[in-house]
Amino acid sequence: MDSGTTAWLLTSSALVLFMTPGLALFYGGMVRGKNVLAMLMKNYIAMGIVTITWIAVGFTLAFGGNSTIGDWSVVGNLDLWGVRDVGLGNEIFGADYPDMLFVAFQMMFAIITPALIAGAVAERMKFTAWVVFIAVWSIVVYAPMAHWVWGGGFIAEEVGALDFAGGLVVHINAGVAALALIMVLGPRLGWRRDAIRPHSLPLTVLGAGILWFGWFGFNAGSALAADGAAANAFVTTHVAAAVGATTWTIVEGMRHGKPTTLGFASGAVAGLVAITPAAGFVSPLSAVVIGIAAGSICFYALQLKFRFNFDDSLDVVAVHLVGGIIGALLLGFLAEDRIGGLGDGLFFGEPQLVWNQFLSIVIAIVWSFVLSYGLARIIDATIGLRVSEDEERQGLDLALHEEQGYVLAD
Amino acid sequence: MKLVIAYINPFKLDEVRDALKETGVGGLSAGNVQGFGRQGGHTETYRGAEYEVQFVPKVRIEVIVDDGDVAAVVAKIEETARTGQTGDGKIAVLPVEDVVRIRTGERGTDAL
């Protein structure tokens, strides 16, 4: 084992965990003041619940061997349940770092992925329904997809698609689940009638900064080594965030006359999302292309929710689903064998990867949508997904948590 | 005694306070309020969605003065809070029956 790699992955695991509080602030600032704690809590509870589901069965379903249908490995087995037989050495995975560290690093991804969905259900979803949803979702939807892409499953092995740090597993997966929940939940009271505005953009901008910071662990850590590939992923990640933020700001300035802080923060996140599948496979100049695409296309994608009458409250679909698709698809064009060592994309002479990427995106969308929609329907029919109208008017902080984010005096 | 209530632009608060102190006013209260008048509202844009915000932030100041000082205080607020643009605000004068200084129990003009 390599102590440099081990040190970097320990650090990266902490960086990735720190993204969830960052996400909580990013979302928390965008809701009304009466719902700020409920929003923070929907993110933080993922750190509680998904840690438990991950240690119990999530990890083994994703990385514990192969259960196959024909030649295709579709899920792990239960050999590593409770991570009992994961040791301090590297006997299972044979990597340059301890097997137990892989449990930790992957756990932080499993935590933030369902937390991403929280922005779509803001200001109206029950806390209990949310807890049930992310607990089941992290096992049934997330763990198998992590297996397909990173655990020896068929998307990597048979379809031949690439996903460096989670374009499919994290962003498309969460974005599609967000869409499914929105369709079952319905819009907030007063949506499109009242001015439902962000209550504290400084929180949001701070949260975006923390996300940007933590994303270095997410992407550069996904090199699973402290080496040149990690450095390349570090640079492409930063470049895509910077270009995404700048592009969004320019497009917004041209369209509406004024650049906004929320626009800059949104563009940074869109750029980070889009570079995620590609960070270790493309050059910094390709990251510029990905940043421009994410910063402009996600900006226009936001408007679609009004056409479909989907109250995607904090634009999870437009940023994570659309941004994830942009990154995963552009990777098919921009991948370079000299960087990632896993083949070239169309622009470097190999058209096959575009098709593989496209196919993997379709598979991820169908899988996540069908299961997420079904799960949302089941929860809605049993314990109910949504708070009562009175609770929604009162605000979720008081109605669900009996506390307030801001008190008038003292 | 009279209660003078003035709705003014927030950026005028310090100036008005200083001017009133000069005229001998012993104290005042101020708070943030939102309202609308001829100025109307304004537009805010969040992620490309434009919202018409009908209320404008203003500051409400309240000062209780002796009858003889009302004209001077009102004139001072008028003079310092005016920019000449719509949205400069309004001043109202109301009769006050009694005033109590809580610490000492003084009443009427002694409590001012």
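As given, the protein sequences belong to chains A and B, one line each in that order.
Take any residue in the first sequence, count from 1 to its spot, add 680: that is its number in our numbering.
Take any residue in the second sequence, count from 1 to its spot, add 343: that is its number in our numbering.
Don't be surprised by glycine CBs; every beta carbon is placed ideally from N, CA and C.
What you are looking at is a predicted structure, and each value in this text was computed from that prediction instead of being measured.
Could you work out which residues of chain B lie near residue i, taking near to mean beta carbons separated by less than 7 angstroms?
i, result
"A:S946", "R390"
"A:F979", "G391"
"A:R877", "E387, Y389 and Y394"
"A:L982", "R390 and G391"
"A:L942", "Y389 and R390"
Mapping the DSSP letters down to three states, classify residue i as helix, strand or coil.
i, result
"B:S372", "strand"
"A:V999", "helix"
"B:P353", "helix"
"B:R446", "coil"
"A:I1063", "coil"
"A:H879", "coil"
"B:E440", "coil"
"B:G378", "strand"
"B:E387", "strand"
"B:Y394", "strand"
"B:K345", "strand"
"B:A435", "strand"
"B:V359", "helix"
"B:E405", "strand"
"A:V711", "coil"
"A:V1087", "coil"
"B:P400", "strand"
"A:G684", "helix"
"A:R1074", "Arg is not the amino acid found at residue 1074 of chain A; the sequence shown has Gln there. In this structure, A:Q1074 counts as helix in the three-state DSSP scheme."
"A:P867", "coil"
"A:N989", "coil"
"A:A841", "coil"
"B:T366", "coil"
"B:D412", "helix"
"A:E1082", "coil"
"A:L861", "helix"
"A:S1068", "coil"
I'd like to check one pair, residue j with residue i: are the Cβ atoms closer than 8 angstroms?
i, j, result
"A:N757", "A:T740", "yes"
"B:T388", "A:T793", "no"
"B:G378", "B:K355", "no"
"A:V711", "A:E803", "yes"
"A:F1104", "A:L1026", "Examination of residue 1104 of chain A is not possible in this model, given that chain A is present from 681 through 1090 alone."
"A:L842", "A:F961", "yes"
"A:T927", "A:I972", "yes"
"A:F844", "A:V696", "no"
"A:A1044", "A:L859", "no"
"A:L883", "A:G702", "no"
"A:M699", "A:L891", "yes"
"A:V1067", "A:A1079", "yes"
"A:A952", "A:A920", "The residue asked about is misnamed: residue 952 of chain A is Leu in this sequence, not Ala. Yes, the Cβ-Cβ distance between A:L952 and A:A920 is below 8 angstroms."
"B:D456", "B:L346", "The displayed coordinates of chain B run from 344 to 455. Any statement about residue 456 of chain B would go beyond what the structure contains."
"A:Y777", "A:D874", "no"
"A:W752", "A:A736", "no"
"A:D1070", "A:K714", "no"
"B:V376", "B:R403", "yes"
"A:A905", "A:T691", "no"
"A:P824", "A:V755", "yes"
"A:G738", "A:S818", "yes"
"A:I862", "A:G870", "no"
"A:G832", "A:G1004", "no"
"A:D759", "A:G769", "no"
Taking Cβ-Cβ distances shorter than 7 angstroms, what residues in chain A pair up with residue i?
i, result
"B:E422", "Within chain A, no residue comes near B:E422; the closest Cβ sits about 34 angstroms away, beyond 7 angstroms."
Quick check on residue i - is its C-beta less than 8 angstroms from some C-beta in chain C?
i, result
"A:F961", "Any reference to chain C falls outside this structure, whose protein chains are A and B."
Open item on the list: Residues of the region 393-405 of chain B in Cβ contact with chain A at a cutoff of 9 angstroms, in chain order, please.
Closed with: E393, Y394, E395, V396 and Q397
Task: 4 or more residues per run - each alpha helix (DSSP H) lying fully within the region 715-745 of chain A - done: 716-733 and 739-743
- [ ] Could you pull out every unbroken beta strand (DSSP E) segment of at least 3 residues lying fully inside the region 744-805 of chain A, listed in chain order?
- [x] 747-749 and 752-755
Open item on the list: By the 8 angstroms beta-carbon criterion, what residues does the region 926-939 of chain A contribute toward chain B?
Closed with: Residues of the region 926-939 of chain A whose Cβ lies closer than 8 angstroms to any Cβ of chain B, in chain order: E932, R935, H936 and K938.
Task: Proximal residues, the region 985-1005 of chain A versus chain B, C-beta separation under 7 angstroms - done: D995
Task: Contiguous alpha helix (DSSP H) assignments of at least 4 residues, all confined to the region 1006-1058 of chain A - done: 1017-1020
Open item on the list: As an exercise, report each continuous alpha helix (DSSP H) stretch of at least 4 residues that is fully enclosed by the region 888-976 of chain A, in chain order.
Closed with: 908-936 and 941-955
Task: Ordered list of alpha helix (DSSP H) runs contained in the region 812-836 of chain A, each at least 4 residues - done: 823-830
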